[in-house]
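Chemist: Below you will find the structure I want to go over with you.
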Amino acid sequence: MQGNSFKQKLISLYGKERGELTADKLQKIIDKAKPKIICKNRSLWDEKDITLITYADSFQESGTPTLKTLNKFLREYIEGMFSIVHILPFYPSTSDRGFCPSDFFQVNKEFGWWSDVKAIGRKYRLMTDLILNHVSLEHYWFKKFLESDPRYENFFIAFREDNLPSDEQIKMVRRGRTTPLLNPFNTKKGVRYLWSTYSTGGIIDRADLNYHNSEILLEMIRVYLFYLEKGMRILRFDGVGGLWKELGTTCKHLSQNHTIVSLFRGIMDKVSCGSLIFTETTTASFEENISYLNNKEAHVVYNFALAPHVLLAFYTESAEKLGVFTDRLKTDSRSNTFFNILDVHDGINMYAASRILGKNDLQIIFDGVKNRGGEFSYRNLPDGGKEIKEMHITWWSALSKDGEEPFELQLRKFITSRAIAMSFAGIPAVYYLSLFGAKNDTKAYEATQHGRDINRTNLFYKEISEKLSDKNSREFNIFNALMNLVEKRKSLKAFHPNAKQEVLYLDPRVFAIVRGEGKSKVLALHNVSKQKVSLHYQNKNYTLDPYSYYWNIL
């Protein structure tokens, strides 16, 4: 039955003749890979699942491959606390900290080897990025394209100068950059204008893959199966919303795009029990984002709108908008949930939130971030204008400005913000810099003028280890407060990602939800104001200190 489903989907993409031929090729690829993939039966997720997001080289020691140092850090400080480790792209890449891949099948030699990746996978569910949209200009495929090799001529979306899309068609394309969409390259057959959705610091350094060519789909399925063979248990589909391009549309979230994602899901269900697909779509409205969240496509989608709502709550000392947003977070199946993030490697994405919140609320957020040392990146609009796409700032700096409040109050605010994310239905994540409450890396930004570098600082293992051994250091206090929060979350069954969630509007200054049912039901209260708040619920009185949280089994 599954084989027929694959064939039907491929025919819908490529027509009957090419679709059937592609289906035959696909079956051979699956048959070859399946015996190499170890199947691990386990529940999809539970309240103990919390994710640590890190680069392969975030923790460094002189003369030691960074994946070994990462494993050392995990062993010494993280083991037993986090169950999922998302190692951001660790394969060879020419820019953007791994997101400009030049080889999908190797580990960057500076980081280590596949054996180092597998060593981490023995203790954690490993999450890795499947970058489906593009490759580096240094990738073998692109080099062969420039040589006009017949096999690779249709691997990329290319136009001659005499058949370029109109300005109107280009303006319709929705993307998260302000650089030109089409860029000229010299090939052996003359100049070709290539589709480049993404860039790094205004430099065109990658080219989009052409999914109208069925060979590209098959090549990326080979990459996908290779990662499953290597023990990756969670695949993050990076920038998946715009794989299929059609001129005259936004080129985002088209029906063909959903068909491609469902193909990957069908393959996963056939070859690898216990594995998960997370879709990451940064230029998606809330509705477009959750359109991937079903039993035929993604298990989990990124909850990008959460972080801006949490910031708004603390900036205005009112959780009302956060409560209204939380009421929207519902899934139809226990096989689906949300990935609740506050900070990631890309900065705080604003696309979804900007389509939920009003202009005044957005301005409050932008002003708050700017006042705390943040930077912004923009995207072009069809009318020629621009809007903020991302806010670049560490989570600690986004909440607190140096010198404004005592450290104790800043720490309480930071932990309560993380408690909000951990109380939500879904799987929570912590970005590695938030383990220590890192502040904005302004020196890195000044050196590169690349906003994301504010929040991508590498750490020397010896230095961070010394700080975590010093009970008087801010890093020690932040790390231990965060680990206490993690332990609390893991101990409460009500925080299962699919447990019932009900928002309570008890006081505008308090984000209040009830999670779970029966004897495991939990009341979660989070004071987003600098005032002490007293409130009443079910014949009990509660008092919350400024910026504090309280979780109580009902």
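Residue numbering for the sequence shown follows numbering that gives the first Met the number 0, beginning at 0 and increasing consecutively.
Note that beta-carbon positions come from the ideal geometry of N, C-alpha and C, so glycine has one too.
This structure is a prediction, so every number in the text was calculated from the model and none was measured.
Just the C-alpha distance for lysine 244 and glutamate 214, rounded to the nearest angstrom, thanks.
Modeler: The residue labelled residue 244 in the question sits at position 245 within the sequence shown. The residue labelled residue 214 in the question sits at position 215 within the sequence shown. Their backbone Cα atoms lie some 16 Å apart in a straight line.
Chemist: In this structure, does DSSP put valine 134 in helix, strand or coil?
Modeler: By 1-based counting over the sequence shown, the position of residue 134 is 135. DSSP places valine 134 in strand when its eight states are reduced to three.
Chemist: With DSSP as the reference, label threonine 68 as helix, strand or coil.
Modeler: Residue numbering aside, residue 68 sits at position 69 when the sequence shown is read from its first letter. Of the three classes helix, strand and coil, the one that applies to threonine 68 here is helix, per DSSP.
Chemist: To the nearest whole angstrom, what separates the beta carbons of leucine 12 and threonine 415, a pair I think is in contact under 8 Å?
Modeler: Position 13 of the sequence shown, counted from the first residue, corresponds to residue 12. Position 416 of the sequence shown, counted from the first residue, corresponds to residue 415. 47 Å between Cβ atoms; not a contact.
Chemist: Rounded to a whole number of angstroms, what is the C-alpha to C-alpha distance between tryptophan 465 and leucine 328?
Modeler: Numbered from 1 along the sequence shown, position 466 holds the residue referred to as residue 465. Numbered from 1 along the sequence shown, position 329 holds the residue referred to as residue 328. Sequence inspection shows glutamate at residue 465; the tryptophan mentioned does not correspond to that position. Approximately 41 Å between the Cα atoms of the pair.
Chemist: Return the residue from the list Gly241, Leu20 and Asp115 that minimises the CA-CA distance to threonine 68.
Modeler: Locating residue 68 in the sequence shown gives position 69, counting from the first residue. Considering only alpha carbons, the answer is Asp115.
Chemist: For valine 260, which three-state DSSP category applies?
Modeler: Counted from its first residue, the sequence shown places residue 260 at position 261. Three-state result, valine 260: helix.
Chemist: Which one or two residues does DSSP pair with tryptophan 194 in a beta bridge?
Modeler: By 1-based counting over the sequence shown, the position of residue 194 is 195. Under the DSSP definition of a beta bridge, tryptophan 194 partners with Leu181.
Chemist: Can you tell me the Cβ-Cβ gap for isoleucine 347 and alanine 306, rounded? I've got them flagged as a contact below 8 Å.
Modeler: Indexing the sequence shown from 1 puts residue 347 at position 348. Indexing the sequence shown from 1 puts residue 306 at position 307. Confirmed, Cβ separation roughly 5 Å.
Chemist: Buried or exposed: which applies to glycine 383, given that a residue is buried once 16 or more other Cβ atoms fall within 10 Å of its Cβ?
Modeler: As a position in the sequence shown, residue 383 is number 384, starting the count at 1. Classification of glycine 383: exposed, given that the 10 Å Cβ count is below 16.
Chemist: Give me the Cβ distance between aspartate 342 and serine 433, rounded to the nearest whole Å; I'm assuming they're in contact under 8 Å.
Modeler: To locate residue 342, count along the sequence shown from 1; it is residue 343. To locate residue 433, count along the sequence shown from 1; it is residue 434. Sure, about 6 Å apart at Cβ, within 8 Å.
Chemist: Can you tell me where the alpha helix (DSSP H) holding tyrosine 460 begins and where it ends?
Modeler: If you number the sequence shown from 1, residue 460 lands on position 461. Element bounds for tyrosine 460: 460 to 468.
Chemist: Using the Cβ count rule (16 or more neighbours within 10 Å means buried), how would you classify glutamine 7?
Modeler: By 1-based counting over the sequence shown, the position of residue 7 is 8. That one is exposed.
Chemist: Would you check if the region 156 to 176 and the region 123 to 142 touch, i.e. whether three or more CB-CB distances between them fall below 8 Å?
Modeler: no
Chemist: What's the C-alpha gap between glutamate 279 and methionine 231?
Modeler: Within the sequence shown, residue 279 is the residue found at index 280, counting from 1. Within the sequence shown, residue 231 is the residue found at index 232, counting from 1. So the two alpha carbons sit approximately 17 Å from each other.
Chemist: Taking buried to mean at least 16 other C-beta atoms within 10 Å of its own C-beta, is methionine 0 buried or exposed?
Modeler: The count along the sequence shown starts at 1 and reaches residue 0 at position 1. Confidence at methionine 0 is low in this model, with a pLDDT of 48, below 50, so its placement is unreliable and the value that follows should be read with caution. So methionine 0 counts as exposed.
Chemist: Quickly, what does DSSP pair aspartate 207 with across the bridge? List them, please.
Modeler: Here residue 207 is taken as the residue at index 208 of the sequence shown, counted from 1. Paired residues: His133.
Chemist: Let's see if you can read the secondary structure: which residues bound the beta strand (DSSP E) around phenylalanine 388?
Modeler: Sequence index remark: in the sequence shown, residue 388 carries index 389 (1-based). The sequence shown places lysine at residue 388, not phenylalanine. Its beta strand (DSSP E) spans residues 385 to 391.
Chemist: Would you grab the beta carbon distance between isoleucine 86 and threonine 127 for me? Rounded to a whole angstrom, and I think it's under 8 Å.
Modeler: Taking the sequence shown and counting its residues from 1, one reaches residue 86 at position 87. Taking the sequence shown and counting its residues from 1, one reaches residue 127 at position 128. Going by Cβ atoms, the distance from isoleucine 86 to threonine 127 rounds to 6 Å, so yes, they are a contact pair.
Chemist: Report, in whole angstroms, the separation of the C-beta atoms of methionine 421 and glutamate 389, which I expect to be a contact under 8 Å.
Modeler: For the purposes of this step, residue 421 is taken as residue 422 along the sequence shown, with counting starting at 1. For the purposes of this step, residue 389 is taken as residue 390 along the sequence shown, with counting starting at 1. 23 Å between Cβ atoms; not a contact.
Chemist: Taking C-alpha atoms, which residue in Ile233, Lys492 and Gln500 lies nearest to alanine 424?
Modeler: On the sequence shown, residue 424 is found 425 positions in, with the first residue counted as 1. Closest option to alanine 424, Cα to Cα, is Gln500.
Chemist: Residues bridged to aspartate 231 by DSSP?
Modeler: In the sequence shown, residue 231 corresponds to position 232, counting from 1. Looking at the sequence shown, residue 231 is not aspartate but methionine. Answer is none; methionine 231 lacks a bridge partner.
Chemist: Residues in the same chain with beta-carbon distance under 6 Å from proline 183, minus the five sequence neighbours each way, listed in chain order, please.
Modeler: Numbered from 1 along the sequence shown, position 184 holds the residue referred to as residue 183. Result list for proline 183: Val190 and Tyr192, in chain order.
Chemist: Taking the straight line between their C-alpha atoms, what separation do you get for leucine 559 and arginine 264?
Modeler: Coverage of the chain is limited to positions 0 through 553, which leaves residue 559 absent and any answer about it impossible.
Chemist: I think leucine 66 touches glycine 111, with their Cβ atoms under 8 Å apart; what is that distance to the nearest whole Å?
Modeler: Your numbering for residue 66 matches position 67 in the sequence shown. Your numbering for residue 111 matches position 112 in the sequence shown. About 4 Å separates the two Cβ atoms, so the contact holds.
Chemist: Along the chain, where does the beta strand (DSSP E) containing glutamate 374 start, and where does it finish?
Modeler: Taking the sequence shown and counting its residues from 1, the one referred to as residue 374 is at position 375. 374 to 379 is the span of the beta strand (DSSP E), which, as asked, contains glutamate 374.
Chemist: Counting C-beta neighbours from all protein chains within 10 Å, is the total for threonine 379 16 or more, i.e. buried, or is it exposed?
Modeler: Locating residue 379 in the sequence shown gives position 380, where the first residue counts as 1. Before going further, note that residue 379 is asparagine rather than threonine in the sequence given. It is buried - the Cβ of asparagine 379 has at least 16 other Cβ atoms within 10 Å.
Chemist: Following the continuous beta strand (DSSP E) through glutamate 427, name the residue where it begins and the one where it ends.
Modeler: As a first step, residue 427 is located in the sequence shown; it is residue number 428 there, counting from the start. Reading off the sequence, residue 427 comes out as proline, not glutamate. Note, proline 427: beta strand (DSSP E), 426 to 430.
Chemist: Taking arginine 488 as part of the alpha helix (DSSP H), name the residues at either end of that continuous run.
Modeler: Translated into positions along the sequence shown, residue 488 becomes position 489. Where arginine 488 is concerned, the enclosing alpha helix (DSSP H) stretches over 473 to 490.
Chemist: What residues in its chain sit with their C-beta under 8 Å from that of phenylalanine 285, if we drop five residues either side in the sequence?
Modeler: Here residue 285 is taken as the residue at index 286 of the sequence shown, counted from 1. Hits under 8 Å: Ala304, Arg327, Ala351, Arg354 and Ile355.
Chemist: Keeping to the same chain, check which residues put their C-beta closer than 6 Å to that of leucine 234; ignore five residues upstream and five downstream.
Modeler: As a first step, residue 234 must be located in the sequence shown, where it is residue number 235. If we look at leucine 234 and ignore the five residues flanking it on each side, its Cβ neighbours are Leu129 and Ile276.
Chemist: Assuming glycine 515 contacts alanine 493 (C-beta within less than 8 Å), just tell me the rounded distance between them.
Modeler: One-based indexing of the sequence shown puts residue 515 at position 516. One-based indexing of the sequence shown puts residue 493 at position 494. About 3 Å separates the two Cβ atoms, so the contact holds.
Chemist: Measuring alpha carbon to alpha carbon, tell me which residue in His308, Phe225, Phe58 and Leu553 is nearest isoleucine 463.
Modeler: Here residue 463 refers to the residue found at position 464 when the sequence shown is read from its first residue. When each option's Cα is compared against that of isoleucine 463, the closest is Phe58.
Chemist: How many Å lie between glycine 273 and lysine 31 at the Cα?
Modeler: Within the sequence shown, residue 273 is the residue found at index 274, counting from 1. Within the sequence shown, residue 31 is the residue found at index 32, counting from 1. Looking at the two C-alpha atoms, the distance is approximately 20 Å.
Chemist: Taking 8 Å as the threshold (C-beta atoms), are leucine 467 and tyrosine 76 in contact?
Modeler: Taking the first residue of the sequence shown as 1, we reach residue 76 at position 77. Taking the first residue of the sequence shown as 1, we reach residue 467 at position 468. Cβ distance < 8 Å, so tyrosine 76 and leucine 467 count as in contact.
Chemist: If you pair each beta-carbon of the region 196 to 213 with each one of the region 171 to 178, do three or more pairs fall below 8 Å?
Modeler: yes
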